[in-house]
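Student: Numbering (this note's numbering), first residue to last: 179 to 473. Below are the structure tokens for one structure; questions will follow.
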Ligand SMILES: Nc1ncnc2c1ncn2[C@@H]1O[C@H](COP(=O)(O)OP(=O)(O)OP(=O)(O)O)[C@@H](O)[C@H]1O
Ligand SMILES: [Mg+2]
């Protein structure tokens, strides 16, 4: 499938919104209707998908699940402060270039220069790897907000046109569009230019029914009534003014803890003794424990 223009070709992983929900569920990811619809549109329109939301609500896992379902390789660019072009896009293999120059010592500089700026001397980093491959690919640009704002400039060509321009070499265009998913915790505003090139999904804590389904799927050994109770408690904790509200990841950890402890009811003592699994700050633990009946 040749790329015709910026967003001509979709990735073609899914046939319908229902297909997204069903196959993600088989792969262990339970998507709300909003999530399934946006994933379907991103796939169909061939547009990158920006997923923003608090920590631990399943942003990164969504990209992994799409890759599993699509039979695609997952190429991941983990963003961090100070990440640059050489880590994100490509860099020249200087050692190999030097060897080539030394080997052709009698050559004129113009000939050597023509040689050493060829594709075989490029070291592909995640963005170039994802653009260049022929196989189905999911490109995960994780924690985009951790990268410096200049890095967004580097992303625009990839997100808008599925291509990368290497000044010495020319423009490398994707022959097959990857499914691109960017995540952000919104620790800073991403630029309008970046947002404009993406579909947007705000992923928040799931509602109680969905969270209980997630727990039952991931911790099948846990009693269903206990799972429901656990989700209620987590919901109550989220409603409190805490430094760090528990995420889905913590709900699942808590469920595994209860299973490991062999707990059959969720009484105040069990909750108190295992609060460190869901709350990660001492002030939060004190505040939550104060709401429980005295031990
Ligand atoms: N809808 C879901 N279906 C199944 N599992 C889920 C779902 N949402 C969250 N999880 C579970 O929560 C865990 C944490 O999710 P993930 O690592 O994707 O969070 P995140 O949003 O990327 O967080 P962070 O911003 O901290 O990186 C996953 O490993 C998975 O077990
Ligand atoms: Mg993540």
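Idealized CB from N, CA, C, for every residue including glycine.
Does residue 182 come out as helix, strand or coil in the three-state DSSP assignment?
Tutor: Translated into the one-based positions of the chain shown, residue 182 becomes position 4. With a pLDDT of only 39 at residue 182, under the threshold of 50, the placement of this residue in the model should not be trusted; the figure read from the coordinates follows. Residue 182: coil per DSSP, three-state reduction.
Student: Who are residue 316's beta bridge partners in DSSP?
Tutor: For this step, residue 316 is matched to residue 138 along the chain shown. BP columns for residue 316 point to 252, 357.
Student: On the criterion of 16 or more Cβ atoms from any shown chain inside 10 Å, does residue 404 qualify as buried, or is it exposed?
Tutor: The residue given as residue 404 occupies position 226 in the chain shown. Residue 404 should be labelled buried.
Student: Taking all protein chains shown into account, decide if residue 464 is buried (16 or more other Cβ within 10 angstroms of its Cβ) or exposed.
Tutor: The residue you call residue 464 lines up with position 286 of the chain shown. By the neighbour-count rule (16 or more Cβ atoms within 10 Å), residue 464 is not buried but exposed.
Student: In chain order, what are the residues with a CB under 6 Å from some non-hydrogen atom of ligand 2?
Tutor: Here the residues come out as 237, 238, 320, 361.
Student: On the DSSP bridge list, what partners appear for residue 350?
Tutor: Here the question's residue 350 lines up with position 172 in the chain shown. Answer is 342.
Student: Whose C-alpha, out of 322, 268, 286, 287, is nearest the C-alpha of residue 297?
Tutor: As a working mapping, residue 297 is identified with position 119 in the chain shown. Residue 268 is the option with its Cα nearest to residue 297.
Student: Relative to the C-alpha of residue 346, which candidate in 453, 222, 300 has its C-alpha closest?
Tutor: As a first step, residue 346 is located in the chain shown; it is residue number 168 there, counting from the start. Among 453, 222, 300, the Cα nearest to that of residue 346 belongs to 300.
Student: How long is the line joining the alpha carbons of residue 394 and residue 432, rounded to whole angstroms?
Tutor: Residue mapping note: residue 394 aligns to position 216 of the chain shown, counting from 1. Residue mapping note: residue 432 aligns to position 254 of the chain shown, counting from 1. Looking at the two C-alpha atoms, the distance is approximately 12 Å.
Student: If we count the other Cβ atoms within 10 Å of its Cβ and call it buried at 16 or more, is residue 322 buried or exposed?
Tutor: As a first step, residue 322 must be located in the chain shown, where it is residue number 144. Classification of residue 322: buried, given that the 10 Å Cβ count is 16 or more.
Student: Does at least one heavy atom of ligand 1 sit under 6 Å from the Cβ of residue 258?
Tutor: The residue labelled residue 258 in the question sits at position 80 within the chain shown. No - ligand 1 has no heavy atom lying nearer than 6 Å to the Cβ of residue 258.
Student: Between the alpha carbons of residue 257 and residue 211, how many angstroms are there, rounded?
Tutor: Position 79 of the chain shown, counting from 1, holds the residue named residue 257. Position 33 of the chain shown, counting from 1, holds the residue named residue 211. Looking at the two C-alpha atoms, the distance is approximately 29 Å.
Student: Do residue 349 and residue 343 have their beta-carbon atoms positioned less than 7 Å apart in this structure?
Tutor: Residue mapping note: residue 343 aligns to position 165 of the chain shown, counting from 1. Residue mapping note: residue 349 aligns to position 171 of the chain shown, counting from 1. Yes. Within cutoff.
Student: Taking its Cβ as the centre, do 16 or more other Cβ atoms sit within 10 Å of residue 462, making it buried, or is it exposed?
Tutor: Your numbering for residue 462 matches position 284 in the chain shown. That one is buried.
Student: Please classify residue 380: does DSSP put it in a helix, a strand, or coil?
Tutor: Within the chain shown, numbered from 1, the residue matching residue 380 stands at position 202. Three-state DSSP puts residue 380 in a strand.
Student: Quick one: what does DSSP say residue 235 is sitting in, helix, strand or coil?
Tutor: Along the chain shown, read from residue 1 onward, the residue named residue 235 stands at position 57. Three-state result, residue 235: coil.
Student: Tell me the DSSP secondary structure of residue 452 in three-state form.
Tutor: Start at 1 with the first residue of the chain shown, and residue 452 comes out as number 274. Residue 452 falls in the helix class under three-state DSSP.
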